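Asker: Just passing along the structure, written as structure tokens.
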Amino acid sequence: MENLILMGHIIFGIASFIGSLLLTVGFRNSFANLSTIQKSGIIITVIGLFGTVAFAMLTGGNLIGAILFIVLGIAMCALLIVPKTQKES
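Mapped onto UniProt numbering, the consecutive letters of the sequence shown carry residue numbers 1 to 89.
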């Protein structure tokens with residue numbers, strides 16, 4: 001039973017991780033047009049997910065993995081928050 005719970009946790013965790021990445025990529029070009037509540041929801045989701053993974057890795061003794069996920073989380077938030085520069089044609 002414990003193995004089943006662990007597998008469920010892993011599967012749903014991976015699904016959440018992929019969903020967070022898709023939110024970031026999907027709203028990249030229209031993030032500035034969203035309402036404050038929508039922006040906050042996406043940012044909190046990204047921070048919460050990457051923070052959870054980093055915390056789990058840190059408690060498991062994987063400092064490099066934790067740092068990697070913290071950096072990835074910051075990069076995903078920056079991808080949304082920093083305005084996209086327009087290329088001149």
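All residues carry an ideal CB built from backbone N, CA and C; glycine is no exception.
Since the structure is predicted, the reported quantities are computational estimates derived from the model, not experimental observations.
Do I47 and G8 have their beta-carbon atoms positioned less than 8 angstroms apart in this structure?
Answerer: Not a contact, by the Cβ cut-off of 8 angstroms.
Asker: Return the CA-CA distance between I67 and M76, expressed in angstroms with no decimal places.
Answerer: Taking the straight line from one Cα to the other gives about 14 angstroms.
Asker: Might you give, ordered along the chain, the residues of its own chain that have their beta carbon closer than 7 angstroms to the beta carbon of T45, omitting 5 neighbours on each side?
Answerer: Correct list, in chain order: S20 and L23.
Asker: Could you tell me the alpha carbon to alpha carbon distance between I37 and F69, rounded to whole angstroms?
Answerer: Approximately 25 angstroms, taken between the alpha carbons.
Asker: Around the C-beta of A78, are 16 or more other C-beta atoms found within 10 angstroms, so that it is buried, or is it exposed?
Answerer: Burial call: exposed.
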